[in-house]
Each structure stands twice: as structure tokens, then as C-alpha cells.
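The sequence shown begins at 311 in my numbering and counts up one residue at a time.
Note that beta-carbon positions come from the ideal geometry of N, C-alpha and C, so glycine has one too.
Working notes for the structure below.
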Amino acid sequence: MSGDDDALADVTVIVCASCRDETGSDGHPRAGELLAEDTRRAASGENIRIRSVECLGNCKRRLSAAILRDGCWSYVFGDLTATSGADLVTGAKLFATSTDGLIPWRGRPDCLKRGLVARIPPLDLLKDQI
């Protein structure tokens, strides 16, 4: 396993499988399920974990996902589309190779710039402030 593969193993993309599309349709498969599948396809052959969850609680921003890295800040994104999987994988790769534990702005896909909902600090950082 190369160094980049090792770094990618520390990154997880979480996709909200219950998200609806912009029409709010209750149809199945849900847009979130389609995004999860698109992300899995885009990550095929990469050492990136892709997980689905029932709800990220970001319904006003429609399709949502998060990118997490062990010991680093976590990111939540909204306003994604069912075909944003490749952008999530690009973001995960940028995150994996980041030296400061942040997803770099430069090179980040546009949907991960304008769709940023929150950046959540790692618990270790918070423990240092007690």
C-alpha cells in the first residue's frame, strides 16, 4: 500500500441516503441513495471508505454528505446532486493528502465550496481547551 493509499484509508465519506432531490419527491430510490451509489462508483479502486446513514439532519440543504478524517476537522456539505460522487471523492483525496488537517480551498470542487454547511473540530482539539 502506498503512502497515498494509507492516507486515503483515514478518510470516510458519509452520504445521507434518505435525502430527497430538489422536488422533494418521496420516490425510491431516494436521491441520497443515488448519490451514495455514485460516490461508491467514483471511489471504486480507491482506498476511501464510503458509508450511508439514514439522516444527517440537513434537510433544508437537500442532498448532504460529510467527509471525515481521523484526528482532523470534519466537513458537512449540502446542496449536492445525485451525481456529486466524483466531487466528494476529489474532496476526500485532497483531505487525505492535506498536511494541516483541512480540506484545501484550492482544487476543491465548486459544490464543496458553495455547499459547505459546517466544519467540525476534532474532539482532541476541544479537550486541549478544557
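Cα separation between residue i and residue j?
i: residue 435; j: residue 429; result: 13 Å
i: residue 311; j: residue 382; result: Low per-residue confidence applies at residue 311: pLDDT is 45, beneath 50, and the placement is therefore not dependable, though the value from the model is reported in the following sentence. Taking the straight line joining both Cα atoms gives about 22 Å.
i: residue 422; j: residue 334; result: 22 Å
i: residue 353; j: residue 393; result: 13 Å
i: residue 361; j: residue 343; result: 11 Å
i: residue 359; j: residue 321; result: 7 Å
i: residue 390; j: residue 425; result: 7 Å
Within 10 Å of its beta-carbon, does residue i have 16 or more other beta-carbons around it, so buried, or fewer, so exposed?
i: residue 337; result: exposed
i: residue 348; result: buried
i: residue 433; result: exposed
i: residue 397; result: buried
i: residue 365; result: exposed
May I ask you to list the residues that DSSP assigns as paired with residue i?
i: residue 426; result: 387
Taking residue i as the reference, which of the options has the closest Cα?
i: residue 328; options: 351, 403, 415, 373; result: 373
| Contact between the segment 369-383 and the segment 399-415 (3+ Cβ pairs under 8 Å) | yes
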